[in-house]
Amino acid sequence: GTGLIIVEIGSLVAYNWLLNKDRRHWSQQTTFADMERRLACVGEVAFSKAKQHGNEIAEIIGAPNINL
1 GTGLIIVEIG SLVAYNWLLN KDRRHWSQQT TFADMERRLA CVGEVAFSKA
51 KQHGNEIAEI IGAPNINL
């Protein structure tokens, strides 16, 4: 059957990029296009913002990759 995948985002910047394509940095366009193609194959996906201080490790790990 089909189901819903909920992805909890710890970074407000990344969360805003998912919601608003105009906020995405030009260098990330290829990455987001690839992600959107893959998400289309999965089915229904919802994104939610993690509570403040709820995912510090993800923020620390992801921060060095923001300027790819």
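For the sequence shown, the UniProt record's numbering gives the first residue as 1, with consecutive numbering after it. Just so it is clear, CB atoms sit at the ideal spot from N, CA and C, and this is done for glycine as well. Quick caveat, the model's predicted, so the values are computed rather than measured.
Counted as a single uninterrupted DSSP element, the alpha helix (DSSP H) harbouring A14 occupies residues 12–19.
With 16 or more other Cβ atoms inside 10 Å of its own Cβ, L18 counts as buried. With 16 or more other Cβ atoms from the protein chains shown falling within 10 Å of its own Cβ, G10 counts as buried. Cα atoms of A14 and A40: separation of roughly 19 Å, rounded to the nearest angstrom. The beta-carbon separation of S48 and I5, rounded to 11 Å, does not stay under the 8 Å limit for a contact.
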